[in-house]
C-alpha cells in the first residue's frame, strides 16, 4: 500500500538516504535538497511528502503554489528511490497527490517540467493524464511542460 506522509523527525533521514541510478541523477535534486525546498518555498505553500510503500520510505515529492500565469500547482520534484522503482509506487503516489490537490482545488491544474530525455518520467506523467502544453521555458530548453487539469 502506498501513502503520502509528512516529513517528520522520525523519517527525514530515511528520505534523505534515498538514491537514484547514476543516469537519473541529472534530472532531480538530491532528496535533502527536495526537503529544503519545502522550507525555502514555504511562502508559496510549499509541501514535501514522503512516499511510503508497505511501511517503508520509497520516495519523496515537492509541490508548491504558483500564482503567476497560468496559476497552478507546481509539482517541482517527484522521486522514487532506485530500489523501489518498477513496482508501481510512482504511479500510485502521483494519483494520490493529484487526488489531494484536486480536493483542495485552489487551482484548476498541476504543472510539471520534465527533461525530454527522461522517458520514464514522461511516460509516468502521461499515463496519469498529463499533456504537453507546448510551452518551452527559455531557461530550461531541454524540458517539456506538462499539465494535468482537474
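Residue numbers (the working numbering): 33 to 182. Cβ atoms here follow ideal geometry from the backbone N, Cα and C, with glycine treated the same way.
For residue 127, which residues of its own chain have a beta-carbon under 8 angstroms away from its beta-carbon, when the five flanking residues on both sides are left out?
-> The residue given as residue 127 occupies position 95 in the chain shown. Cβ neighbours of residue 127 beyond the five flanking positions: 160.
Are the beta-carbon atoms of residue 141 and residue 104 separated by less than 8 angstroms?
-> Position 109 of the chain shown holds residue 141. Position 72 of the chain shown holds residue 104. For residue 141 and residue 104, yes; Cβs fall inside 8 angstroms.
Straight-line CA distance for residue 96 to residue 90?
-> Here residue 96 corresponds to residue number 64 of the chain shown, with the count starting at 1. Here residue 90 corresponds to residue number 58 of the chain shown, with the count starting at 1. The alpha-carbon atoms of residue 96 and residue 90 are separated by roughly 21 angstroms.
According to DSSP, is residue 45 helix, strand or coil?
-> Against the chain shown, residue 45 aligns to sequence position 13. Helix.
Residue 93 beta carbon less than 8 angstroms from that of residue 129 = Numbered from 1 along the chain shown, position 97 holds the residue referred to as residue 129. Numbered from 1 along the chain shown, position 61 holds the residue referred to as residue 93. It is a contact, given that the beta carbons lie within the stated cut-off.
Residue 83 versus residue 34 - alpha carbon distance = Counted from its first residue, the chain shown places residue 83 at position 51. Counted from its first residue, the chain shown places residue 34 at position 2. So the two alpha carbons sit approximately 7 angstroms from each other.
Beta-carbon contacts of residue 153 that lie in its chain and below 8 angstroms, excluding the five residues immediately before and after = As a position in the chain shown, residue 153 is number 121, starting the count at 1. So the qualifying residues of the chain are 59, 110, 146, 147.
Close-in-space but distant-in-sequence residues of the same chain around residue 122 (CB under 6 angstroms, 5 per side omitted) = By one-based count along the chain shown, residue 122 stands at place 90. Here the set comprises 112, 156.
Alpha-carbon to alpha-carbon, residue 76 and residue 178 = Here residue 178 corresponds to residue number 146 of the chain shown, with the count starting at 1. Here residue 76 corresponds to residue number 44 of the chain shown, with the count starting at 1. Near 20 angstroms, if we compare the C-alpha coordinates of residue 76 and residue 178.
Specify the secondary structure class of residue 55 as computed by DSSP and reduced to three states.
-> Here residue 55 refers to the residue found at position 23 of the chain shown. It is helical.
Buried versus exposed call for residue 72 [16 or more other C-beta atoms within 10 Å across all chains shown] = Residue numbering aside, residue 72 sits at position 40 when the chain shown is read from its first letter. By the neighbour-count rule (16 or more Cβ atoms within 10 Å), residue 72 is not buried but exposed.
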